[in-house]
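For the record, the sequence lines run as chains S and G. For the first sequence, the UniProt record's numbering gives the first residue as 1, with consecutive numbering after it. For the second sequence, the UniProt record's numbering gives the first residue as 1, with consecutive numbering after it. Built from N, CA and C at the ideal position, the CB exists for glycine as well. All values reported here derive from a predicted model rather than from experimental measurement. Okay, structure first, notes after.
Number of protein chains: 2
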Amino acid sequence: MRHQLLLFTFILSSVFSFAQSEEKIVEDFEPSVVNQPGKEFPKVNSEGRVRVKIEASEANNVQLDIGGVKYDLEKNEEGIWIGESAPQDEGFHYYQLNIDGASVPDPGSKYYYGAGRWGSGIEIPAKDKEFYALKDVPHGTVSKNLYFSEITRQWRRNFVYTPPGYFENLDKRYPVLYLQHGSYEDETGWSSQGHANLILDNLIASGDAEPMIIVMDNGYAYRPEDLEKAGGNRPRSSFEDVLIKEVIPQIDGKFRTIPNREHRAIAGLSMGASQTMSIIMNNLDQFAYYGGFSGTANFPGDKEVDAGTFLNGAFSNAEEMEQKLQVLFLSLGTKEAEIFFKTVNGFRDMLDRQDIDYIFYSSPETGHEWLTWRRSLYQYTQLLFKNN
Amino acid sequence: MRHQLLLFTFILSSVFSFAQSEEKIVEDFEPSVVNQPGKEFPKVNSEGRVRVKIEASEANNVQLDIGGVKYDLEKNEEGIWIGESAPQDEGFHYYQLNIDGASVPDPGSKYYYGAGRWGSGIEIPAKDKEFYALKDVPHGTVSKNLYFSEITRQWRRNFVYTPPGYFENLDKRYPVLYLQHGSYEDETGWSSQGHANLILDNLIASGDAEPMIIVMDNGYAYRPEDLEKAGGNRPRSSFEDVLIKEVIPQIDGKFRTIPNREHRAIAGLSMGASQTMSIIMNNLDQFAYYGGFSGTANFPGDKEVDAGTFLNGAFSNAEEMEQKLQVLFLSLGTKEAEIFFKTVNGFRDMLDRQDIDYIFYSSPETGHEWLTWRRSLYQYTQLLFKNN
């Protein structure tokens with residue numbers, strides 16, 4: 001039995017070694033920068049391949065599941081499985097292991113909320129990674145705030161970035177950016193895998209962004225009666241109400257904000273881009289800056305956007321729009337799926353027809369993922385609160 | 001083949017059902033309070049049993065690994081494994097799943113740092129759980145602070161609890177508790193599974209504790225040269241230097257503290273109890289209150305503690321000790337391992353011989369785990385800063 005197993009392993013090894021040598025894997029793997037303390041694996045090489053390793057002596061089949069592809073690992077004589085993915089895009093990716101049909105986190109990686117679960121994440125170092133690196137500059141503080149929502153009848157929380165000096169300079173007040181995550185993500189994303197705090201620390205240190213507060217809340221908010229009515233379908237969202245009636249007054253009460261529209265910006269990614277576009281158009285008395293990263297409110301973008309009817313005709317008066325919106329910022333990664341191009345470009349076509357100015361940022365070689373959104377935040381926050 | 005498998009499954013089921021019915025499992029399982037959003041499993045019943053469920057259609061053997069015991073799960077016809085543990089102690093426990101030899105986090109649970117890894121945790125609701133429950137009281141804020149340590153030549157971080165009103169009442173200053181985790185844990189523990197923030201929110205709301213700041217840092221701190229010298233062995237710790245020379249000055253500079261010994265307390269659990277006892281005895285000019293939860297500096301406690309030599313004779317002068325230490329608090333869970341009893345009781349014997357007053361708290365029916373430490377914090381913080 002043991003001989004059979006060894007022989008089988010040997011044959012398997014030969015097949016895999018052959019397959020691998022065909023791929024010419026560059027053997028310069030380093031432990032991922034987001035590994036758990038002291039963990040050697042997962043590793044990443046200069047091609048952006050992810051190599052994982054896990055002991056599972058009795059397993060029949062272990063796979064690395066990343067970027068929508070499952071890569072078979074190979075078992076050695078000690079019962080340790082090892083293998084790697086094809087090259088991945090630069091930036092942050094969610095992934096998991098599949099052990100005999102069980103989809104589980106990799107015990108070597110740190111965990112992140114995204115794709116609707118807490119699970120493994122990995123970072124393929126980007127050429128421009130310096131803009132979100134932890135550097136020897138003054139650092140802001142991220143605070144976790146709990147609040148009871150009378151609207152959703154639940155405890156909710158947000159994370160608040162306060163810029164360097166906030167705790168010491170008690171006379172200074174700051175503008176605020178409300179910054180939202182995407183679907184199947186939550187309020188933890190922007191200050192974890194999004195590195196919003198480090199991006200702003202670096203931009204504030206270099207003088208390229210104004211010191212600002214950033215509020216990151218959870219975009220899923222439903223009244224109990226709407227949840228009941230929906231009966232399993234997607235309920236009507238009350239996030240706009242929670243943000244406008246509960247979060248903003250609380251933030252203005254607790255933090256030293258400048259509580260007016262000229263000092264309040266809003267932005268979001270994907271679902272958050274769509275949500276925040278609706279919110280600002282319904283509340284132009286509250287915000288003067290909009291950023292939509294990888295999304296707009298016309299998602300899924302299968303129809304031409306009619307300025308006369310879209311968002312109650314908010315964009316039908318170009319002059320008013322330009323007067324009220326100090327910045328209208330849109331972005332996409334060049335490798336995003338077609339639906340996002342259709343959506344955002346459909347919206348841009350409408351803006352062009354209306355002769356409404358906007359700024360468009362294209363993130364090179366990134367998909368619908370966090371490097372697109374880190375870069376978008378980096379671009380967008382440099383435009384905020386400059387005329388005040 | 002399929003028939004054989006079904007037959008085999010049927011036999012297995014029968015065996016397991018029999019085993020289970022012998023155990024008389026109470027079928028009142030509810031989803032764990034620390035599950036990931038929307039996850040039904042793991043579940044906990046009124047006996048404190050943990051039931052887990054995972055799809056692993058090709059697996060040979062899946063186990064629940066909790067409390068040092070591995071429980072075999074049972075596979076149903078859909079390839080889903082399910083099973084439960086024996087009753088667990090009330091409180092918080094780390095656990096993992098074992099899938100064909102791979103030890104991995106349960107994809108249903110939230111993740112915590114402890115036992116030297118980010119992994120699954122579960123909560124067995126305690127009879128006294130109200131003291132650490134999220135309630136409709138004013139809530140403090142937990143902030144994440146990054147700092148570069150010149151001593152360890154690394155970026156480090158701490159979590160800081162500021163009490164309700166800290167952000168609004170800008171004239172008020174607060175006393176500070178420095179609160180440390182145990183071995184194989186980190187700076188995240190006390191404000192996550194430890195619920196230090198909720199415990200203080202509740203105690204401050206009821207008037208049983210003074211509003212205070214709590215600083216939770218990482219107890220692992222080594223100079224690069226000491227790491228090199230150690231060559232794989234445990235290096236000399238520089239945590240005392242980091243705390244005294246870097247953390248305290250930064251906290252006093254950034255937060256509105258009352259920066260003197262009468263308004264500074266220190267406490268820790270297990271390894272943290274040992275570390276903080278040494279630190280306060282070396283720095284009685286800095287702190288006036290000590291709390292040692294499930295540990296003292298004479299760990300592993302196999303010798304009688306000699307007041308003349310222990311910690312450079314710090315306890316040899318009872319009068320000076322009583323004058324300088326406003327509170328000397330010790331605690332243990334009644335179900336802790338013998339080594340902790342030996343250690344703490346050995347230290348208490350010395351205090352008794354020296355006629356030094358102290359407060360001892362015994363946590364009923366808990367081991368060397370977080371419910372012991374939550375209760376200890378609850379007891380200890382009610383004693384702090386009352387004479388000021």
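Proximal chain S residues relative to residue i, where beta-carbon distance stays under 7 Å
i                : result
Trp190 (chain G) : Within chain S, no residue comes near Trp190 (chain G); the closest Cβ sits about 13 Å away, beyond 7 Å.
Ile54 (chain G)  : Ala102
Lys254 (chain G) : Phe167 and Glu168
Neighbouring residues, chain G, relative to residue i (Cβ below 8 Å)
i                : result
Tyr111 (chain S) : Pro105, Tyr111 and Trp118
Val142 (chain S) : Ser143 and Lys144
Leu148 (chain S) : In the sequence under discussion, the amino acid at residue 148 (chain S) is Phe, which differs from the Leu named in the question. Under the 8 Å cutoff, chain G gives Asp136.
Gln250 (chain S) : Correct list: empty, because the minimum Cβ distance to chain G is about 11 Å.
His263 (chain S) : Ordered by position in chain G, no residue passes the 8 Å Cβ test against His263 (chain S), which lies about 18 Å from the chain.
Leu36 (chain S)  : This sequence places Gln at residue 36 (chain S); Leu is not what is there. Here the neighbours are Arg117 and Trp118.
Run of the beta strand (DSSP E) containing residue i, from where it starts to where it stops
i                : result
Phe159 (chain G) : Gln154 to Thr162
Asn202 (chain G) : Segment Ala196 to Ala205 is the alpha helix (DSSP H) holding Asn202 (chain G); no beta strand (DSSP E) there.
Ser120 (chain S) : Arg117 to Ile124
Ile279 (chain S) : Taken as a continuous stretch (DSSP letters only), Ile279 (chain S) belongs to no beta strand (DSSP E), being part of the alpha helix (DSSP H) at Met271 to Asn282.
Rounded straight-line distance, which links the Cα of residue j to that of residue i
i                : j                : result
Pro163 (chain S) : Ser120 (chain S) : 29 Å
Glu262 (chain S) : Lys144 (chain G) : 29 Å
Ser21 (chain S)  : Gly101 (chain G) : With a pLDDT of 48 at Ser21 (chain S), under the threshold of 50, the predicted position of this residue should be treated as unreliable, and no value is reported.
Glu187 (chain G) : Phe159 (chain G) : 7 Å
Leu384 (chain S) : Leu284 (chain S) : 16 Å
Val69 (chain G)  : Ser103 (chain G) : 13 Å
Ser183 (chain G) : Thr257 (chain G) : 28 Å
Tyr111 (chain S) : Tyr290 (chain G) : 35 Å
Asp306 (chain G) : Ile279 (chain G) : 18 Å
Asp136 (chain S) : Tyr166 (chain S) : 18 Å
Thr296 (chain S) : Trp190 (chain G) : 40 Å
Ala273 (chain G) : Ile248 (chain S) : 42 Å
Lys342 (chain G) : Glu210 (chain G) : 33 Å
Trp155 (chain S) : Tyr147 (chain S) : 6 Å
Glu58 (chain S)  : Leu64 (chain G)  : 16 Å
Pro31 (chain S)  : Ile80 (chain S)  : 17 Å
Tyr132 (chain S) : Ala196 (chain S) : 8 Å
Arg264 (chain G) : Asn312 (chain G) : 22 Å
Tyr174 (chain G) : Val62 (chain G)  : 51 Å
Leu330 (chain G) : Arg153 (chain G) : 34 Å
Tyr94 (chain S)  : Asp106 (chain S) : 11 Å
Ile82 (chain S)  : Asn35 (chain S)  : 16 Å
Gly301 (chain S) : Met350 (chain S) : 12 Å
Contact set between residue i and chain G, taken where Cβ atoms lie within less than 7 Å
i                : result
Trp155 (chain S) : Leu134
Per-residue burial, residue i [other beta carbons within 10 Å of its own, 16 or more giving buried]
i                : result
Glu150 (chain G) : exposed
Glu336 (chain G) : buried
Trp373 (chain G) : buried
Gly308 (chain G) : exposed
Ala230 (chain S) : exposed
Arg49 (chain G)  : buried
Glu319 (chain S) : exposed
Gly219 (chain G) : buried
Lys75 (chain S)  : buried
Thr381 (chain G) : buried
Leu170 (chain G) : exposed
Asn260 (chain G) : exposed
Val33 (chain S)  : exposed
Partner residues on chain G for residue i, Cβ-Cβ distance less than 9 Å
i               : result
Glu58 (chain S) : Ala59, Asn60, Asn61, Ile99, Asp100, Gly101 and Ala102
Range covered by the alpha helix (DSSP H) that runs through residue i
i                : result
Lys24 (chain S)  : Note, Lys24 (chain S): premise wrong, no alpha helix (DSSP H); not H, not E.
Glu338 (chain G) : Glu338 to Gln354
Arg51 (chain G)  : Where Arg51 (chain G) is concerned, there is no enclosing alpha helix (DSSP H), although the beta strand (DSSP E) it sits in stretches over Val50 to Glu55.
Ser376 (chain G) : Trp370 to Thr381
Asp217 (chain G) : Premise fails: Asp217 (chain G) is in no alpha helix (DSSP H) and is neither H nor E.
Glu84 (chain S)  : Element bounds for Glu84 (chain S): not the alpha helix (DSSP H) but the beta strand (DSSP E), Ile80 to Glu84.
Asp226 (chain S) : Pro224 to Ala230
Proximal chain S residues relative to residue i, where beta-carbon distance stays under 8 Å
i                : result
His139 (chain G) : Asn145, Leu146 and Tyr147
Residues in the segment 183-211 of chain G having any Cβ partner in chain S nearer than 7 Å: none
Would you list, in chain order, the members of the segment 166-182 of chain S that have their beta-carbon closer than 7 Å to a beta-carbon of chain G? Phe167, Glu168 and Leu170
Give me the subset of the segment 64-95 of chain S whose CB atoms are less than 9 Å from a CB atom of chain G, sorted by chain position. Gly79 and Trp81
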